[in-house]
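Taking it in order: structure first as structure tokens, then the write-up.
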Amino acid sequence: MKKILLIFAVFLIAAFFTSPACADENTSAFQITDTGYIDQYNNAVDLANSGDYEAALEAINKSLAEEANFALGYATKSGILYVMGDFTGALEAADTATEIQPEQAWGWISKSNALLALERYDEALEAADTAIEIDPNNADYVNAYINKGTALILLGRYEESIEASDKAIELSPTVIEGYINKGNALEYLGRYAEELEVCNKALEIDPYNSMVWANKRYAEKMIENEQNPQESPFAPALAVLAVAAAIIIAKRD
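With the first letter of the sequence shown counted as 1, position 27 gets the number 191 in our numbering; the numbers rise by one all the way through.
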């Protein structure tokens, strides 16, 4: 089986960075006295969207220096550190987010993201499940199901991964990662026709996704091999030896 590219829900970062924070929506755990840290947070979002992660990290740290109980700020900091490759730092920031506001799903999602990158799959699954328990049918938290599906693949629990991926697809049918996870799980189970069907659906959403195209071509190759089994390369040589053996035996007789 080819090496399967697994996803760690990197698009979680995009989810953090697509809309500015609003004091009324994101800071319910504490009393608002000054929204300056929100401005710094939004600046960090803009910088991250532009790909300037160093500057984004500096801005988010300024925001957190002004308001130490800003859980979403720590969750977003975790996402920035993840993109920068600092998975341990990402985990520390996510842990702070979940300590401040354990009922906020983003902290648990970013924690599962970091744990996946650190290859701590059981813990990543647990964090994703915690996020799901907070609001299991919220499409904004589809990342939790995607991270769960990824963790389950890495733990060899492919049928369960398909279930998690189906839920991700149900909640957000246009999010490509749910289809990729499902296709990968089906591939490990040797269910190539189903994998091909999932790939085709994914390509309707994102026709230029290279990972989906690679999986599609692999599924097609495996289906072709199943339909037209190749003769062993040693078969002709073995046939010659069999004939030679038969001649020798005949001469002896």
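We put the beta carbon where it would ideally sit given N, CA and C, even for glycine.
Whole-number beta carbon distance between residue j and residue i, since they are thought to touch under 8 angstroms
| i | j | result |
| --- | --- | --- |
| residue 269 | residue 298 | 5 angstroms |
| residue 367 | residue 387 | At roughly 16 angstroms, the Cβ-Cβ gap does not stay under 8 angstroms, so residue 367 and residue 387 are not in contact. |
| residue 332 | residue 309 | 4 angstroms |
| residue 311 | residue 282 | 13 angstroms between Cβ atoms; not a contact. |
| residue 211 | residue 220 | 4 angstroms |
| residue 317 | residue 357 | About 19 angstroms; that fails the 8 angstroms criterion. |
Residue i vs residue j beta-carbon contact at 9 angstroms
| i | j | result |
| --- | --- | --- |
| residue 292 | residue 273 | yes |
| residue 296 | residue 313 | no |
| residue 201 | residue 222 | no |
| residue 271 | residue 235 | yes |
Closest Cα partner of residue i within the set the options
| i | options | result |
| --- | --- | --- |
| residue 320 | 286, 338, 302 and 332 | 286 |
| residue 237 | 225, 248 and 246 | 225 |
| residue 307 | 341, 393 and 356 | 341 |
| residue 300 | 283, 350, 336 and 352 | 336 |
| residue 324 | 249, 289 and 216 | 289 |
| residue 343 | 355, 391 and 329 | 329 |
| residue 248 | 213, 235, 217 and 369 | 217 |
| residue 302 | 334, 284 and 234 | 334 |
| residue 369 | 215, 267, 284 and 339 | 339 |
| residue 145 | 372, 267 and 390 | Limits of the chain in this structure are 165 at one end and 417 at the other, which puts residue 145 out of reach. |
Residues near residue i by beta carbon distance below 6 angstroms, same chain, minus five either side
| i | result |
| --- | --- |
| residue 260 | 238 |
| residue 215 | none |
| residue 372 | none |
Cβ neighbours of residue i in the same chain (closer than 7 angstroms, five flanking residues each side left out)
| i | result |
| --- | --- |
| residue 278 | 242, 246, 251, 254, 255 and 258 |
| residue 363 | 347, 376, 379, 380 and 383 |
| residue 275 | 255, 258, 259, 262 and 291 |
| residue 365 | 343 |
| residue 304 | none |
| residue 207 | 223 |
Proximal residues to residue i (C-beta, below 8 angstroms), its chain only, five neighbours per side dropped
| i | result |
| --- | --- |
| residue 267 | 298 |
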